[in-house]
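Heads up, the sequence shown is in my numbering, so the first residue is 867 and it goes up one at a time. Don't be surprised by glycine CBs; every beta carbon is placed ideally from N, CA and C. First the structure, in the form of structure tokens, and then the observations on it.
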Amino acid sequence: MTKQIAVIGLGRFGVSVASTLCALGNDVLVIDRSESKIQNISQDVTHAVQADATNETVLKELGLSNFEMAIVAIGTDIKSSVLSTILLKKLGIPHVIARANDDLHGSILERIGADIVTYPEREMGIKIAQGVTLAEVSDYMSVVAGYGVAKLAAPPYLVGEKLSDLGFGYKERWEVAVFLIQRGDEVIVTPTPGQKIEAGDILVLAGSNEKLEKLLAEARKNKKEE
867 MTKQIAVIGL
877 GRFGVSVAST
887 LCALGNDVLV
897 IDRSESKIQN
907 ISQDVTHAVQ
917 ADATNETVLK
927 ELGLSNFEMA
937 IVAIGTDIKS
947 SVLSTILLKK
957 LGIPHVIARA
967 NDDLHGSILE
977 RIGADIVTYP
987 EREMGIKIAQ
997 GVTLAEVSDY
1007 MSVVAGYGVA
1017 KLAAPPYLVG
1027 EKLSDLGFGY
1037 KERWEVAVFL
1047 IQRGDEVIVT
1057 PTPGQKIEAG
1067 DILVLAGSNE
1077 KLEKLLAEAR
1087 KNKKEE
């Protein structure tokens, strides 16, 4: 089901979150003060607006009070992170997820009403240490609580098949989107359902951790049977 989600701040974390959520079929609005950052992501999200997310009037004019979720992805500017979170909760957004750099920052965000506080760098380290060390996966990144991006070297049993026939897509069998295919020096952005997988392809997948794990478990199973 499509959700209206706002992402505040376009550092690497914010860009990754916004692009992934949009690839999963959500209506995504991104807000950042930087015109160049807005221009760079404008083709990858539903709406991209250059604005100050610490200005309550601006947020009201953008209709943020109608959104189901907002993600404050601001990193180093703690003041802006805190002010944005306060205003988003004041506007009545049901779910506000805020990024924290450290425990103190996280504690402040919790006290002012953030529904979920996420620590991207810490969570990535935990994921790696706990065993997202599958042979088939060359990289993994947690983008928001419960969702991530993984790179999968295309197993032989997928080669020659169309993405649509394999059940990729946020509404399809796996509920996992393929939003990039790395093919040698070529990068295929948002491949079409009719795109065929070739030997040596690297698939960049986005989805919930649960769905990604099911897909990777299937890949491991087929690898053992080969």
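Comparing C-alpha distances from glutamate 901 to each of Leu890, Asn892 and Asp918 shows the shortest one belongs to Asp918. The shortest C-alpha to C-alpha distance from alanine 1043 to any of Leu1024, Leu1071 and Ile874 is the one to Leu1071. DSSP places leucine 876 outside both helix and strand once states are collapsed to three, so it counts as coil. With fewer than 16 other Cβ atoms from the protein chains shown falling within 10 Å of its own Cβ, alanine 1083 counts as exposed. Rounded to the nearest angstrom, the Cβ distance from isoleucine 907 to valine 883 is 11 Å, too far for a contact under 8 Å. Within its own chain, the residues whose Cβ lies closer than 6 Å to the Cβ of threonine 912, once the five positions on either side in sequence are excluded, are Asp893 and Val894, listed in chain order. For leucine 1018, the enclosing beta strand (DSSP E) has its first and last residue at 1013–1019. The shortest C-alpha to C-alpha distance from isoleucine 897 to any of Glu1041, Leu1069, Ile937 and Gly1066 is the one to Ile937. Under DSSP, the beta-bridge partners assigned to glutamine 916 are Asp898. By the Cβ rule, the stretch 872–879 does not count as touching the stretch 1042–1062, because fewer than three pairs are nearer than 8 Å. Taking C-beta atoms as the reference points, leucine 954 and valine 962 count as a pair closer than 7 Å.
Nearest neighbour of leucine 1024 by Cα position, chosen from Ile952, Leu1069 and Glu1076, turns out to be Leu1069. Sorting Leu1046, Gly1014 and Leu1081 by C-alpha distance to the C-alpha of glycine 1033 places Leu1081 at the top. Rounded to the nearest angstrom, the gap between the Cα atoms of leucine 1018 and valine 924 is 41 Å. The DSSP-derived three-state label of glutamate 1052 is strand. Taking all protein chains shown into account, threonine 886 has 16 or more neighbouring C-beta atoms within 10 Å of its C-beta and is therefore buried. Put simply, the backbone Cα of tryptophan 1040 is about 10 Å away from that of glutamate 1076. Ranked by how close their Cα comes to the Cα of valine 1015, the residues Gly1026, Pro1022, Leu1046 and Leu1029 have Leu1046 in first place. Taking each of Thr1058, Lys1087, Glu1079 and Arg1049 in turn and checking the Cα distance to alanine 889, the smallest one comes out for Thr1058. Taking the C-beta atoms as reference points, threonine 942 is found no nearer than 7 Å to arginine 965.
Within the model, the alpha-carbon separation for isoleucine 978 versus methionine 935 is close to 16 Å.
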